[in-house]
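What follows is a set of notes on a single structure, which appears directly below.
In our numbering, the protein residues as written are 403 to 472.
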């Protein structure tokens, strides 16, 4: 794969990784916000934060595949 194309693809995935990381941090913060008093809502935010963390891991795996296999 052309180096410039590979660099562009990795840049796009890095942007995606940062978005997923920001979402993870947002939901994690919301899950511990003292203004969120409903336990079901707090649990929901915690669950979404874990999902977003998993998305970060998936994007990182994809980036490693691009780096090492393409």
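For every residue, glycine included, the Cβ atom is placed at its ideal position computed from N, Cα and C.
All figures in this text were calculated on a predicted structure; none of them were measured in a lab.
Item, Value
"Is it the case that the Cβ atoms of residue 408 and residue 460 are separated by a distance below 9 Å?", "no"
"Return helix, strand or coil for residue 436, following the three-state DSSP convention.", "coil"
"Can you tell me whether residue 406 is buried or exposed? The criterion is at least 16 other CB atoms within 10 Å of its CB, across all chains shown.", "exposed"
"Report the CB separation of residue 468 from residue 415 in whole angstroms; it is logged as a contact under 8 Å.", "7 Å"
"Take residue 452 as the anchor and find which of 420, 427 and 413 has the nearest alpha-carbon.", "427"
"For residue 430 and residue 449, I'd like the C-alpha separation in whole angstroms.", "9 Å"
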